[in-house]
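A short worksheet on the structure shown next.
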Amino acid sequence: MLYTLYRYITKEVLSSFIMGLLIFTGVLLIGRILKLADMVVSKGVPITDILLMVAYLLPNFAIITIPMSLLLAVLIAFSRLSGDSEIIAIKASGISLYRLLPPILLISLTAYLLTAITAVYALPIGNSAFKNLVSRSIYGRLNLNLKEQVFNTSIPGILIYVNRNDTKSDTLRDILIQDERNPKDISTIFAESGLLDSDESSKKIHLHLANGSIHQSRLKGVYRQLDFKEYDLEIDLSKASPVLEKNELDMTLSEINNNLKTGGFPKKLMVDMGLEVHRRFALPFACFIFAIVAVPLGVQNRRSGKAAGFSSSIAVILLFYIFQSLGKTLGEKELLAPFLAIWLPNIIFLAAGIYLFVKAAREERLALFDLITKAASKLMSRKKLL
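According to this note's numbering, the residues represented by the sequence shown are 373 to 758, in order.
Below is the structure:
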């Protein structure tokens with residue numbers, strides 16, 4: 373009988389898990405897709421590149437949506453068992469709530485491994501590939517995107533005006549460049565012609581200008597003019613565009629650990645790297661926590677159906693990620709050690725989950741459940757009003 377029951381619970385959880393994964397991932401992707409779609413219109417990026425960018429971003433969402441989907445799935449499954457009075461029949465046959473845990477823990481372990489592999493390996497690979505593709509798609513094709521007789525602002529801090537763009541010879545004619553990357557030393561460059569060259573590996577652009585002049589004005593009112601026959605303007609895109617700047621999310625665990633050992637990085641980056649090491653293991657562990665919390669909440673929920681499970685899961689998810697954001701903020705301000713800043717929310721929710729599970733196994737009413745359902749009901753009613 374237990375084997376049949378385990379199969380039934382597994383089937384119920386997996387079907388809702390897939391549904392939740394699609395819904396949560398779709399919701400998180402919408403905002404990014406709208407921003408990426410603008411690149412097709414404004415910068416002429418091919419749609420195939422946009423689709424690849426979306427694929428590279430998926431690991432960022434997966435480490436969040438997999439635990440969220442598991443919480444939703446377990447809540448829906450046990451809400452349905454409770455709402456249809458199946459849980460009463462199961463208990464009447466001598467099967468306690470503890471004996472229903474094996475399939476849930478097995479699914480949680482699978483979700484944990486999937487999330488951990490994504491966080492440790494796929495996340496840095498995807499982020500690096502995304503930034504390389506953005507660099508290649510936008511700045512690697514910059515000579516094609518520079519419109520004639522238009523002030524082009526594709527590069528942050530630099531304005532480029534080209535009277536004529538000969539795409540066949542890759543030659544720019546009658547060029548004006550306003551360089552405002554350093555507010556204390558603003559430069560205006562005029563040139564008869566120029567060639568644009570981009571280095572994808574170093575994320576740098578080189579403008580080889582010919583026959584022109586540089587006009588510099590500084591804050592103290594100092595002005596100077598320099599004439600040139602040849603001049604190379606180098607633009608470091610990783611510094612000019614924040615989206616291309618390498619951060620802790622682009623690094624593998626071995627890179628982060630090596631950087632933490634050697635040091636020499638800005639203090640903020642050192643703190644962020646210290647937090648990121650723990651984050652990549654703490655987020656996957658949320659799969660176990662959410663599963664343990666979801667079982668008693670689902671059993672206590674007398675309303676059968678997906679809507680009830682969805683509203684309760686949203687309330688738990690919001691509460692959990694509020695705690696996580698608070699911990700991360702305290703860690704960034706160095707008010708908490710990296711381990712505590714990242715793992716403390718997990719420890720609190722795990723303790724709460726075990727407490728709720730024991731109470732539910734004893735068939736005691738959960739006061740916390742009533743608070744969560746009230747909060748979820750208010751949240752859903754506000755959404756309906758909006």
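Yeah, the Cβ is synthetic: ideal placement off N, Cα and C, and Gly gets one too. On a predicted model such as this, the values are computed, not experimentally measured, just so you know.
Would you kindly report the start and end of the unbroken alpha helix (DSSP H) that includes lysine 504?
Strictly speaking, residue 504 in this sequence is asparagine, with lysine absent from that position. 495-506 is the extent of the alpha helix (DSSP H) around asparagine 504.
Can you check the segment 528-572 for any beta strand (DSSP E) of at least 3 residues that lies completely inside it and give the ranges in chain order?
530-538, 543-551, 557-571
Could you tell me whether the Cβ atoms of proline 439 and alanine 483 are closer together than 8 Å?
yes
Pick helix, strand or coil for alanine 582, following the three-state DSSP scheme.
strand
Drop a sphere of 10 angstroms on the beta-carbon of glycine 699, count the other beta-carbons inside from all chains shown, and report buried for 16 or more, exposed for fewer.
buried
Selection from Ile395, Ala658, Leu444 that minimises the alpha carbon distance to glycine 670
Leu444
Using 10 angstroms around the beta-carbon of aspartate 644, count the other beta-carbons present and answer buried if the total reaches 16, otherwise exposed.
buried
By alpha-carbon positions, which one of Asn619, Arg652, Ile714, Leu481 ends up nearest to phenylalanine 662?
Nearest of Asn619, Arg652, Ile714, Leu481 to phenylalanine 662, Cα basis: Leu481.
Own chain, CB closer than 7 Å to isoleucine 726, minus 5 neighbours either side, in chain order:
Ile664
Kindly give me the distance between the Cβ atoms of isoleucine 586 and glycine 566, rounded to whole angstroms, as I take these residues to be in contact under 8 Å.
With 8 Å as the limit, isoleucine 586 and glycine 566 do not qualify as a contact, their Cβ atoms being about 13 Å apart.
Straight-line Cα distance separating valine 426 from threonine 490:
15 Å
Could you give the DSSP three-state label for serine 697: helix, strand or coil?
helix
Please name the residue, chosen from Val385, Ile577, Leu707, Leu728, that lies closest to serine 507 on a Cα-to-Cα basis.
Serine 507 has its Cα closest to that of Ile577, out of Val385, Ile577, Leu707, Leu728.
Short of 6 Å in beta carbon distance, which residues of its chain neighbour glycine 703, apart from the five on each side in sequence? Order them along the chain.
Here the set comprises Leu647, Pro710, Ala713.
Inter-residue spacing [alpha-carbon to alpha-carbon] between lysine 755 and serine 684
At lysine 755, the pLDDT of 48 sits below 50, so the modelled position is not reliable; the number obtained from the coordinates is stated separately. Rounded to whole angstroms, the gap between the alpha carbons of lysine 755 and serine 684 is 14 Å.
Pick from Leu469, Asp569, Ile719: whose alpha carbon is nearest that of isoleucine 607?
Asp569
Going straight from the alpha carbon of glycine 398 to that of glycine 529, what length do you get?
Their Cα atoms are separated by approximately 34 Å.
List the endpoints of the continuous beta strand (DSSP E) containing glutamine 521.
Element bounds for glutamine 521: n/a, residue is neither H nor E.
Would you call the segment 484-503 and the segment 647-660 touching, i.e. three or more CB-CB distances under 8 Å?
yes
Contiguous alpha helix (DSSP H) assignments of at least 4 residues, all confined to the segment 418-472
419-455, 458-464
From valine 594 to aspartate 622, what does the alpha carbon distance come to, in whole angstroms?
42 Å
Go ahead and label aspartate 599 buried or exposed: buried means 16 or more other beta carbons lie within 10 angstroms of its beta carbon, across all protein chains shown.
exposed
Could you tell me whether the Cβ atoms of serine 468 and alanine 733 are closer together than 8 Å?
yes
Less than 8 Å between the CB atoms is what I'm expecting for phenylalanine 682 and isoleucine 720, so what's the real figure, rounded?
The Cβ separation is near 24 Å, so there is no contact.
Backbone CA spacing between threonine 624 and valine 649 [nearest angstrom]
9 Å
If you follow the beta strand (DSSP E) that lysine 601 is part of, which residue opens it and which one closes it?
595-608
Compare the beta carbon distance of asparagine 554 and arginine 545 with 8 Å and say whether it is the shorter of the two.
no
With a threshold of 7 Å (Cβ to nearest heavy atom), would alanine 494 be considered close to the ligand SAH?
The ligand SAH is absent from the structure shown, which contains no ligands of any kind.
Indicate the three-state DSSP secondary structure (helix, strand or coil) for leucine 758 in the structure shown.
Bear in mind that a pLDDT of 46 at leucine 758, under 50, signals an unreliable position, so the number given afterwards is only what the model happens to contain. It is coil, neither helix nor strand.
Can you tell me where the alpha helix (DSSP H) holding serine 626 begins and where it ends?
Its alpha helix (DSSP H) spans residues 625-634.
Limits of the alpha helix (DSSP H) - the one that alanine 663 falls within
639-672
So for lysine 383, helix, strand or coil by DSSP?
helix
Assuming alanine 733 is part of the alpha helix (DSSP H), what are its boundary residues?
710-733
Under a three-way DSSP split, which group does lysine 618 fall into?
coil
Drop a sphere of 10 angstroms on the beta-carbon of glutamine 597, count the other beta-carbons inside from all chains shown, and report buried for 16 or more, exposed for fewer.
When all chains shown are included, glutamine 597 counts as exposed.
Taking just the CA atoms, how far does valine 688 sit from proline 418?
40 Å
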